[in-house]
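Undergrad:
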Amino acid sequence: MTHPVPFVDFGGEGPLLHFAHANAYPPRCYQYFLSLLTPHFHVVAIGQRPLWPYADPAELTDWRLLSEDMIRLFDEQGWRDVIGVGHSLGAVATMRTAVTRPDLFRALVLVEPVFLLPTLLEMAAAHPDAAYQMPLVQSALRRRNQFESREYAFDRWRRKPVFARWPDESLWDYVNCALIPNAENGGFRLAYPREWEARIYALPPQWVWDVLPQVTQPTLGIRGAETDTIAPEAWRLWQEKQPQAEFVEIAGAGHMLLMERPSAAAQTILDYLTAV
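When you read off a place in the sequence shown, starting at 1, and then add 68, the result is the number in this note's numbering.
1) Does the stretch 318-333 touch the stretch 86-103, meaning 3 or more C-beta pairs lie closer than 8 Å?
2) What residues are listed by DSSP as bridge partners for R291?
3) Taking the alpha carbon of L84 as the reference point, which residue from L247, T297, V276, R174 has its own alpha carbon closest?
4) Considering only the alpha carbon of each residue, which of V177, V276, P203, K228 lies closest to L189?
5) Going by the beta-carbon positions, is the gap between G255 and F215 smaller than 8 Å?
6) On a Cα-Cα basis, can you pick out the residue from P72, W120, A113 that is closest to A259?
7) So who's on the other strand from F256, going by DSSP bridges?
8) Is it right to say H86 is buried, meaning 16 or more other beta carbons lie within 10 angstroms of its own, or is it exposed?
9) Taking the CB atoms as reference points, tell me whether L185 and A293 lie closer together than 8 Å.
10) Grab the span of the beta strand (DSSP E) containing A175 for me, first residue to last.
11) Whole angstroms is fine: what's the gap from Q206's alpha carbon to A343's?
12) Please tell me whether F222 and L239 are closer than 8 Å, where the distance is taken between their beta carbons.
13) Using CA coordinates, which residue listed in V316, A319, T284, I337 is at the minimum distance from V167?
This is the structure:
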């Protein structure tokens with residue numbers, strides 16, 4: 069049985085804007101940021117495959133599958149000529165979808181896409197079995213999966229360096245959406261399974277630099293100045309591969325800039341989309 073691809077409708081007025089979330093961050097985790105766009109756009113967001121209760125991580129052998137899911141969602145809903153905004157994993161899936169089906173998007177905003185340097189991708193391809201030993205993958209597999217309350221999770225995460233730049237409102241969005249009631253043990257568990265998170269990290273797409281020059285839509289690329297994901301060399305290579313695109317670096321933010329500096333990110337995006 070084929071289930072419809074789920075999505076969240078955030079409402080709003082104006083042209084349709086589709087948002088694609090990062091690995092391990094369900095769509096409603098971006099509530100604060102997306103609320104700054106809904107006065108100008110009707111915002112919808114795919115719930116990617118890891119959030120489907122019937123999905124198996126073993127189904128994923130390439131990130132292309134996530135692009136195929138996005139195409140299916142658009143076809144099911146009859147969406148065309150949409151503004152596509154994606155973060156991290158979601159930015160890569162959006163970019164791939166825009167190349168495969170250019171009729172679906174009229175403009176793209178790619179925020180901190182996972183564009184790893186070719187040398188790193190070559191190493192990952194040469195040693196696929198070693199991918200699961202990468203620190204990012206191991207960290208995902210060890211991620212705490214049970215919390216007694218959302219308040220406990222907030223207090224615990226508030227002290228972690230990774231959330232240091234997040235305002236409380238962004239962190240509460242994450243707590244409220246990344247955790248769901250655990251019917252088996254009580255308390256709360258992660259909505260986004262650790263096994264899926266690790267699987268995605270272990271399979272970085274080898275094709276990004278070949279596909280990127282095929283993008284025909286107007287594109288805004290955004291990088292956090294403090295990012296640990298887009299290396300300076302990759303940032304320069306991206307600009308070489310997409311010379312017609314516009315590029316903005318947001319100060320005081322890292323890979324999670326949509327949570328860290330939501331107002332600055334939203335204004336940057338609005339300024340760009342007003343002009344295209």
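Glycine residues also receive a C-beta, built at the ideal position from the N, C-alpha and C atoms.
TA: Judging by the given coordinates:
1) Touching, yes, given that three or more Cβ pairs across the two stretches are closer than 8 Å.
2) In the DSSP assignment, the residues bridged to R291 are E317.
3) R174
4) L189 has its Cα closest to that of V276, out of V177, V276, P203, K228.
5) yes
6) W120
7) Note: F256 sits in a beta bridge opposite F215, P249.
8) buried
9) no
10) 173-179
11) For the pair Q206 and A343, the Cα-to-Cα distance works out to about 43 Å.
12) yes
13) Here the closest residue by C-alpha is T284.
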